[in-house]
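Numbering (the working numbering), first residue to last: 1 to 412.
Note that CB positions come from ideal geometry on N, CA and C, so glycine has one too.
One structure is given below, encoded as structure tokens.
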Ligand code: NAD
């Protein structure tokens with residue numbers, strides 16, 4: 001496969017084949033609906049000019065307005081943005097979110113910008129792309145952006161439109177109309193699916209041993225909830241190293257340690273281990289919550305876990321997945337397991353549109369119900385097609401929903 005977008009299309013093709021999706025729908029889904037690409041000249045603090053490349057891709061709006069993240073990374077390219085917009089289309093459909101998929105971003109390294117330059121770039125991004133608001137295109141945060149960046153983008157948007165429009169930008173701080181529970185949403189959603197999947201294989205979470213790769217926003221929240229449920233987190237890794245404790249790591253202490261030192265390494269009551277051996281640890285549950293393609297031909301045979309719940313996007317290569325399914329390992333795929341934040345972003349827009357802001361308990365209970373529904377639907381579809389892959393079940397469901405919307409719209 002030549003690039004990440006080709007890989008996305010091959011997944012589409014396979015799910016379409018198994019699910020017998022209408023060829024006309026498949027044809028429409030092979031290209032994005034709209035691509036914006038702009039150059040943003042920015043006067044830097046030292047008076048020089050830098051020109052940044054920026055993109056926004058709307059994949060399809062069959063199910064609703066295009067929605068999702070804004071990535072500021074130095075190696076961003078259009079194929080990556082197209083693939084991410086496509087995956088968000090599928091994720092929204094899987095999660096029962098009435099939205100199409102979008103993604104955007106700037107080819108820039110925020111760590112190399114001053115605060116002033118970063119703010120100017122966020123505002124310039126909105127001016128250059130002119131998103132058309134909550135009924136067309138709703139940018140949110142992604143790698144290299146966060147609450148502050150989205151607050152600047154919202155402010156710029158509202159300065160231009162002349163209206164307060166909190167639903168036009170997602171992932172802003174609650175004081176500007178952001179949702180409660182946004183930061184924890186993906187970890188909480190992951191834990192919800194994990195608990196359900198564990199129940200189905202008679203694996204009590206409160207006695208399970210768990211290994212987690214990645215201890216950031218997703219991995220640390222999932223670890224905290226598992227710890228609170230009584231599970232033993234026996235190993236955790238990050239980009240710098242890994243630690244283990246067969247009796248279970250004290251997760252609140254590890255979170256404090258990471259806040260102070262920036263890494264899991266040398267945490268109290270743990271022993272350091274080779275981070276590349278994280279998936280070979282003796283445990284029942286694995287949570288890859290770092291980067292893509294980490295479970296692959298090189299390590300798949302070392303895995304002895306019964307359940308893998310994907311926090312990261314695409315952490316298991318297709319060949320490795322086949323081997324795991326043959327060994328009867330249950331896999332909760334990324335498009336379900338990590339869609340908690342996409343669901344809460346949809347709630348954020350709903351709250352902004354109605355001017356009725358929900359408490360954390362309401363957000364969490366609605367999100368858990370939505371993610372469990374997505375999980376149960378995918379399992380049911382996999383059973384209907386007599387396949388082991390919950391991922392394929394989820395993709396088929398998404399494609400069926402998109403196909404139904406396209407048919408009613410008269411596109412096919
Ligand atoms: P983060 O930046 O907060 O944390 C990432 C963690 O992974 C860090 O602990 C980092 O040290 C570790 N890591 C990075 N590269 C690694 C490597 N090669 N080996 C081991 N550890 C490594 O990121 P996050 O928000 O927790 O996201 C984690 C993954 O989940 C990403 O793939 C992201 O795209 C995906 N995801 C996140 C969300 C969300 O809401 N944050 C939603 C959907 C998907």
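At the level of alpha carbons, what is the spacing between residue 291 and residue 133?
31 Å
Use the C-beta contact count for residue 233: other C-beta atoms within 10 angstroms, 16 or more gives buried, fewer gives exposed.
buried
Using C-beta distances below 6 Å, list every residue in its chain close to residue 427, excluding the 5 sequence neighbours before and after it, in chain order.
In this structure the chain extends from 1 to 412, so residue 427 is not present and cannot be described.
Return helix, strand or coil for residue 166, following the three-state DSSP convention.
helix
Classification of residue 116 by the beta-carbon crowding that lies within 10 angstroms, buried from 16 upward
exposed
With a cut-off of 8 Å, do at least 3 Cβ pairs link the region 376–386 to the region 208–217?
With the cut-off at 8 Å, the region 376–386 and the region 208–217 do not touch.
Do three or more CB pairs link the region 129–144 to the region 58–74 at distances below 8 Å?
yes
Proximal residues to residue 332 (C-beta, below 6 Å), its chain only, five neighbours per side dropped
193, 197 and 309
Count the other CB atoms within 10 Å of the CB of residue 118; is the residue buried (16 or more) or exposed (fewer)?
buried
Whole-angstrom distance between residue 190 and residue 362, CA atom to CA atom:
If you take the alpha carbons of residue 362 and residue 190, they lie about 18 Å apart.
Taking Cβ to Cβ, would you say residue 18 is nearer than 8 Å to residue 335?
no
With H, G and I counted as helix, E and B as strand and the rest as coil, what does DSSP make of residue 25?
helix
Rounded C-alpha distance that separates residue 44 from residue 357:
38 Å
In the structure shown, what three-state DSSP assignment does residue 72 receive?
For residue 72, the secondary structure class from DSSP, reduced to helix, strand or coil, is strand.
Quick check on residue 222: buried or exposed, where buried means 16 or more other Cβ atoms within 10 Å of its Cβ?
buried
Assuming residue 90 is part of the alpha helix (DSSP H), what are its boundary residues?
78–94
Own chain partners of residue 153 with C-beta closer than 6 Å, once the 5 adjacent residues on each side are dropped
If we look at residue 153 and ignore the five residues flanking it on each side, its Cβ neighbours are 122, 126 and 169.
From 409, 367, 396 and 301, residue whose alpha carbon lies closest to that of residue 16
396
Check whether the Cβ of residue 186 lies closer than 7 Å to any heavy atom of the ligand NAD, and answer yes or no.
Yes; taking the cut-off as 7 Å, the Cβ of residue 186 has a heavy atom of the ligand NAD nearer than that.
Taking the alpha-carbon positions, what's the residue 160 to residue 120 distance?
So the alpha carbons of these two residues sit roughly 15 Å apart.
What residue range is occupied by the uninterrupted beta strand (DSSP E) comprising residue 242?
For residue 242, the enclosing beta strand (DSSP E) has its first and last residue at 242–244.
Sort out for me which residues DSSP pairs residue 316 with in a bridge.
295
Please state the DSSP three-state secondary structure of residue 104.
strand
Please report the distance separating the alpha-carbon of residue 1 from that of residue 278.
Residue confidence is low: residue 1 scores 42 on pLDDT, short of 50, so the model does not pin down where it sits. Its coordinate-derived value is still stated next. Each residue's Cα considered, the two are about 28 Å apart.
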